[in-house]
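Below is one structure, written out as structure tokens; comments come after it.
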Amino acid sequence: EGQPAATSPQQDTSEKPETDQPMSPIEGDDEPLSSDPAKWPSPITDSIRTELVRRGPAKVSTTFIFPRNEGDGRCHHNYFSRT
């Protein structure tokens, strides 16, 4: 049934970064374009490519805590900005 609660002092941040908001609808399409590249249609049409360029790169909040992988590693918001 239920699994024991995690004893890790880290917060459960299984929610997605703020970049998961859907993009504007594409001309001739009723559905908004997801910000998740795995959900993009293939092939990417010119109108989709134009929308992606218009939106610019995804922005990850500095307070978002990425989940850990099997090897106990994780991504970090510093990878998404230039210094």
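Read left to right, the sequence shown gives residues 1 to 83 (the UniProt record's numbering).
Where a beta carbon is used, it is the ideal one built from N, C-alpha and C, also for glycine.
Item: So what's Pro37 in DSSP terms, helix, strand or just coil?; Value: helix
Item: Give me, in chain order, the residues of the same chain whose beta-carbon lies closer than 7 Å to that of Gln21; leave out the 5 immediate sequence neighbours on both sides.; Value: Its pLDDT being 48, under 50, Gln21 is placed unreliably by the model, and the measurement read from it follows with that caveat. Once the five neighbours on either side are set aside, the close Cβ partners of Gln21 are Ser35.
Item: Measuring straight from C-alpha to C-alpha, what distance separates Val60 and Pro37?; Value: 15 Å
Item: Just to confirm, does Gly73 get its C-beta within under 7 Å of one of the non-hydrogen atoms of the ligand NAD?; Value: Questions concerning the ligand NAD fall outside what the structure shown contains, since it holds no ligand whatsoever.
Item: The alpha helix (DSSP H) spanning Ile44 covers which residue range?; Value: Neither: Ile44 is in no alpha helix (DSSP H) and is coded neither H nor E.
Item: Judging by CA-CA distance, which residue of His76, Ser42 and Pro41 is the nearest neighbour of Thr63?; Value: His76
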